[in-house]
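Participant: Residue numbers (the working numbering): 13 to 484.
Every residue, glycine too, gets a C-beta built ideally from N, C-alpha and C.
Please read these numbers as outputs of a predicted model, since none were measured by experiment.
Sharing a structure, written as structure tokens. Questions coming.
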Amino acid sequence: MGLSDLTQDSANATVTNKSVPGPKGTVLWGSLKEFQADAIGFLDESVQRYGDIVRFRFGPVVAYLVNHPEYVEHVLVRESRRYDKNTRSVSKLRATCGDSLLSSDGDPWLRHRRLIQPAFQPRRVAEFSPTIDASTDEMLRSWEANASIGQEIDIVSEMMGLTLAIAARAFFASDIREQTAVIEQALEVILQDTWRRLETPFDFAAISPIFHRSGFRRAIQEIDEVVYRMIAQRRECNFSPDDLLSRLLHAHETDDGTGFNDKELRDAVVTLLLAGHETTANALVNAFYLISQSTETQDRLACEANQHALNAEPGELPETQRAFMEAIRLYPSIWIIERHAVEADQIGGYSIPKGATVILSPYLLHRHQEFWRTPQAFDPDRFTPDKISMRSRYAYLPFGLGPHRCIGEHMAMLVATRILARVHRHFRLRLVAGQSFNPVPGITLRHASPVRMMLERIDQGGLAIHPPKQKK
Ligand code: HEM
């Protein structure tokens, strides 16, 4: 989106219904400075003060925050065709993802969704269980050494490394250890630069790609080299392992039989890596932290992991699954969702002008007093089947809702549940004294600095985990 688009937003938004309450802010910036200083705190304060629908002006952009399950259902599900993804955040992601799932709407989005979705069906995703276990066991072996000498770990880098190792194996079947570090670094630069460009009203890179920072350009180039090389190797040889790359390579439209060309395939792979990596890693960090604060939950998880065979699926590990669902209630990795009003609409009796930006925050909705008792407390039992049935299904949206609902949901649940169960079977984690825990909002709710934890072995004898593979 360029400066002209921002002006366009502004012009459309001048027809705003004056009665939607909200902070005025300053003449030039509106509430942009407050948002930049403390995005979540500021939005939270605003809903407490003005109610479930709030109007903001961020520089030239006018946005409406809706914070009620009915409004969320309206925007994301029932009237989703009135709200597209022609938004600032999506336009920023296009520089990285091309016209892929995260960064497109309409026909290009539908084509990608149809081609990618079959690879992420629960049955297909479950086939990655041995991959998840093998990578987790590798990490546990190094944890065993850490625990024996009382050495702390940084759970952020452990989860970043582990989830990327799993993703790399799931995508490319092979162990691409060296490239994994390159991908990890590149993804971090890309996400941070994207958030920076989103927060500033004057993003010159939106006018021309030559204004992209050199670090961002380098990151894209590095990730492209890895992904294009993998695609070329796969197209050249007849061998086709059952990994995500093969599934995408062989995906084809049922109508006309067409599949992805190389550029589309690259966009799909980068999109999935970008959308799936940091979200899952941070969700796990937050889950480990929250579980470490509750001895009862730790006991329950250890007990469940001991009772079940190590190859249990998420549904067979209800305690573990609930603990993770509660962790992503309190700290949803995607803490904010943005839409663009294609036409004028009414929400909760208020007029939403055509062209307006509409934002929803899973973080705020998951802590809404009216729908969650003691919302700040960590209580996995909120997710027992009877409690779930008593709640509006639109009060909980860690994976979004409607047509754009997360395509990787089953993968994320499988990865997280298996890792949490495997770890808590052997270890108890404890936050190092004086260590703060403070996820910060960016494109994802993330950790900008290490979160140090101590490991305590709770099982007897050696780890009942896969032995390392023998080199032939
Ligand atoms: C805990 C982990 C995850 C969380 C909390 C999460 C959350 C979300 C949310 C809230 C959305 C909806 C965004 C919107 O409506 O604008 C979404 C979409 C998406 N997610 Fe995830 N996600 C996670 C893991 C993954 C994984 C593992 C993958 C893939 C490997 C993935 C791929 C995607 C894609 C491609 C979309 C866009 C779907 C579309 O627009 O059709 N996510 N995710």
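Label R69 either buried or exposed according to how many other C-beta atoms from any shown protein chain fall within 10 Å of its C-beta, with 16 as the threshold for buried.
Facilitator: R69 is buried by the Cβ-count criterion.
Participant: Are the beta-carbon atoms belonging to R153 and N318 less than 8 Å from one another?
Facilitator: no
Participant: What do you reckon, are the CB atoms on N158 and L467 nearer than 8 Å?
Facilitator: yes
Participant: Taking all protein chains shown into account, do 16 or more other C-beta atoms lie within 10 angstroms of the C-beta of S147, making it buried, or fewer, making it exposed?
Facilitator: buried
Participant: Can you pull the DSSP bridge partners for V66?
Facilitator: BP columns for V66 point to L77.
Participant: Measuring alpha carbon to alpha carbon, tell me which residue in R417, T309 and A131 is nearest F390.
Facilitator: Ranking R417, T309 and A131 by Cα distance to F390 puts T309 first.
Participant: If you count every other CB in all the chains shown that lies within 10 Å of the CB of E196, and 16 or more means buried, which is it?
Facilitator: buried
Participant: Quick one: Cα of D471 to Cα of F439, how far?
Facilitator: 7 Å
Participant: What does the alpha-carbon distance come out to for the pair D64 and T192?
Facilitator: 43 Å
Participant: Have a look at T108 and E350 and give me their C-alpha separation to the nearest angstrom.
Facilitator: Cα-Cα distance, rounded: 18 Å.
Participant: How do the segment 376 to 387 and the segment 396 to 413 stand: do at least 3 beta-carbon pairs fall below 8 Å, yes or no?
Facilitator: yes
Participant: Counting only the same chain and skipping the five closest in sequence on each side, list residues whose C-beta sits under 6 Å from that of N298.
Facilitator: A339 and Y343
Participant: For R125, verify whether its CB is less than 7 Å away from any heavy atom of the ligand HEM.
Facilitator: yes
Participant: Helix, strand or coil: how does DSSP classify E164 here?
Facilitator: coil
Participant: In its own chain, which residues sit with a C-beta less than 7 Å from the C-beta of L105, not counting the 5 before and 5 after it?
Facilitator: L114, S115 and T206
Participant: Sort out for me which residues DSSP pairs Y95 with in a bridge.
Facilitator: A353
Participant: According to the neighbour-count rule (16 or more other Cβ atoms, all chains shown, within 10 Å of its Cβ), is L122 buried or exposed?
Facilitator: exposed
Participant: What do you reckon, is the C-beta of I418 under 7 Å from a heavy atom of the ligand HEM?
Facilitator: One point to set straight first is that residue 418 is Cys, not Ile, in the sequence displayed. Yes - the ligand HEM has a heavy atom lying nearer than 7 Å to the Cβ of C418.
Participant: Which ranges would you report for the beta strand (DSSP E) in the segment 110 to 160 if only whole runs of at least 3 residues count?
Facilitator: Given a length threshold of 3 residues, the segment 110 to 160 has no whole run of the beta strand (DSSP E) inside it.
Participant: Specify whether the segment 130 to 149 and the segment 271 to 279 touch according to this definition: at least 3 beta carbon pairs, one from each stretch, less than 8 Å apart.
Facilitator: no
Participant: Confirm, please, whether the CB-CB distance from P253 to A177 is below 8 Å.
Facilitator: Cβ distance not < 8 Å, so A177 and P253 don't count as in contact.
Participant: Short check: CB of I419 to CB of A280, under 8 Å?
Facilitator: no
Participant: When you compare each of G34, P81, V102 and G173 to T292 by their alpha carbons, which one comes out closest?
Facilitator: G173
Participant: Is G412 near the ligand HEM, judged by its Cβ being under 7 Å from some heavy atom?
Facilitator: yes
Participant: May I ask you to verify whether the segment 359 to 370 touches the segment 394 to 409, counting CB pairs closer than 8 Å and requiring at least 3?
Facilitator: No, because fewer than three Cβ pairs between the segment 359 to 370 and the segment 394 to 409 fall closer than 8 Å, the two stretches do not touch.
Participant: So, is Q245 buried or exposed, given that buried needs 16 or more other C-beta atoms within 10 angstroms?
Facilitator: exposed
Participant: Heavy atom of the ligand HEM less than 7 Å from the Cβ of T38, yes or no?
Facilitator: no
Participant: Here's the rule I'm using: 16 or more other beta-carbon atoms within 10 Å means buried, otherwise exposed. How should F336 be labelled?
Facilitator: Result: buried.
Participant: Looking only at its own chain, which residues have a Cβ that is under 7 Å from the Cβ of S101, when we skip the five neighbours before and after it?
Facilitator: Residues of the same chain with a CB within less than 7 Å of the CB of S101, apart from the 5 flanking positions on each side, are L210 and E350 in chain order.
Participant: Taking 7 Å as the cut-off, is the C-beta of S160 nearer than that to any heavy atom in the ligand HEM?
Facilitator: Short note on S160: C-beta not closer than 7 Å to any heavy atom of the ligand HEM.
Participant: In three-state terms, what does DSSP make of Q388?
Facilitator: coil
Participant: Once you ignore the five residues that flank E46 on each side, which residues in its own chain have a CB closer than 6 Å to its CB?
Facilitator: Hits under 6 Å: F54.
Participant: Is the beta carbon of R458 closer than 8 Å to that of P451?
Facilitator: With respect to the 8 Å criterion, P451 and R458 are classified as neighbours on the basis of their beta carbons.
Participant: May I have the straight-line CA-CA distance separating L256 from A131, to the nearest angstrom?
Facilitator: 7 Å
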